[in-house]
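Colleague:
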Amino acid sequence: MPLALSVVTQERTVLERRDVLRLIVPTTEGQITVLPSHAPLMASLAIGELVVVVPGQQIPLAIHGGFIQVARDEVTVLADAAEHVEEIDEQRAEAARERAQRRLAGPRAGPEAVDLLRAQLALQRALVRLRVRRRRGGATGVPSAR
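Converting from the sequence shown to my numbering requires adding 16 to each position, the first position being numbered 1.
Following this line, the structure appears as structure tokens:
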């Protein structure tokens with residue numbers, strides 16, 4: 017029996033499938049694979065690539081934190097942010113990466129130290145978006161409406 021999957025953010029339902037064969041998930045404890053009849057689970061999501069395997073297809077999503085809950089053969093991903101590969105604007109992600117790298121190269125004392133963590137997280141998000149886009153969606157493109 018396949019998994020039923022819902023990937024949602026505060027703004028929208030990103031993906032809903034009832035034919036999931038396997039789910040590869042980036043958690044804060046490392047990458048896990050969820051298969052049908054998986055043990056109940058609740059875990060924090062890391063910034064990374066979530067891969068949904070359905071018959072004849074892999075659906076990659078860029079995930080930026082949140083939680084996953086597995087109960088019987090139902091999986092709910094509550095993501096802080098999630099994007100399909102075709103929604104990722106590579107030029108925008110590249111610009112975000114460059115901004116974050118500039119901030120990380122700057123001063124690291126006083127109030128700027130707080131910005132260091134934000135810059136590190138921004139860099140992680142940009143790198144994941146670029147990796148998902150380049151590996152799965154080609155080198156260029158503007159996000160499609162979904």
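Every residue gets a Cβ at the ideal spot worked out from N, C-alpha and C, and that includes glycine.
1. For Gly154, name the three-state secondary structure that DSSP assigns.
2. Within 10 Å of its beta-carbon, does Arg151 have 16 or more other beta-carbons around it, so buried, or fewer, so exposed?
3. Would you call the CB atoms of Ser86 and Leu57 closer than 8 angstroms?
4. Check whether the region 103 to 118 and the region 38 to 49 are in contact - that is, three or more C-beta pairs closer than 8 angstroms.
5. According to DSSP, which residues form a beta bridge with Ser73?
6. Whose C-alpha, out of Ile79, Leu132, Leu139, is nearest the C-alpha of Thr25?
7. Comparing C-alpha positions only, which one of Phe83, Glu90, Leu132, Leu143 sits nearest to Ala109?
8. Suppose you measure from the CA of Gly81 to the CA of Glu65; what does that come to, to the nearest Å?
9. Out of Arg28, His54, Asp35, state which residue places its alpha-carbon closest to the alpha-carbon of Gly72.
10. Could you pull out every residue in the same chain whose Cβ sits closer than 6 angstroms to the Cβ of Val172, ignoring the five residues on either side in sequence?
11. For Gly157, collect the residues of the same chain with a Cβ closer than 6 angstroms to its Cβ; drop the 5 residues on either side in sequence, then sort them by chain order.
12. Under 8 angstroms between the Cβ atoms of Ile40 and Ala59?
13. Taking the alpha carbon of Glu27 as the reference point, which residue from Val148, Asp96, Leu133 has its own alpha carbon closest?
Modeller: Per the coordinate set shown:
1. Bear in mind that the predicted position of Gly154 carries a pLDDT of just 49, short of 50, making it unreliable; the figure below should be weighed with that in mind. Reduced to three states, the DSSP call for Gly154 is coil.
2. That one is exposed.
3. The question names Ser, but residue 86 is Val in the sequence shown. Cβ atoms of Val86 and Leu57: closer than 8 angstroms.
4. Under the Cβ criterion (8 angstroms, minimum of three pairs), the region 103 to 118 does not count as touching the region 38 to 49.
5. Here the sequence assigns Gln to residue 73, which means Ser is not the residue at that position. Val70.
6. Considering only alpha carbons, the answer is Ile79.
7. Per the Cα distances, Leu143.
8. For Gly81 and Glu65, the distance between alpha carbons rounds to 11 angstroms.
9. Nearest to Gly72 by C-alpha distance, out of Arg28, His54, Asp35, is Asp35.
10. Lying before the first or after the last residue shown, residue 172 is absent from the chain, which here runs from 17 to 162.
11. In this prediction, Gly157 has a pLDDT of 38, which is less than 50 and means its spatial position is unreliable; what the coordinates show is noted afterwards. No residues qualify anywhere along the chain.
12. Their beta carbons are not under 8 angstroms apart, which means Ile40 does not touch Ala59 by this criterion.
13. The residue with the shortest Cα to Cα distance from Glu27 is Asp96.
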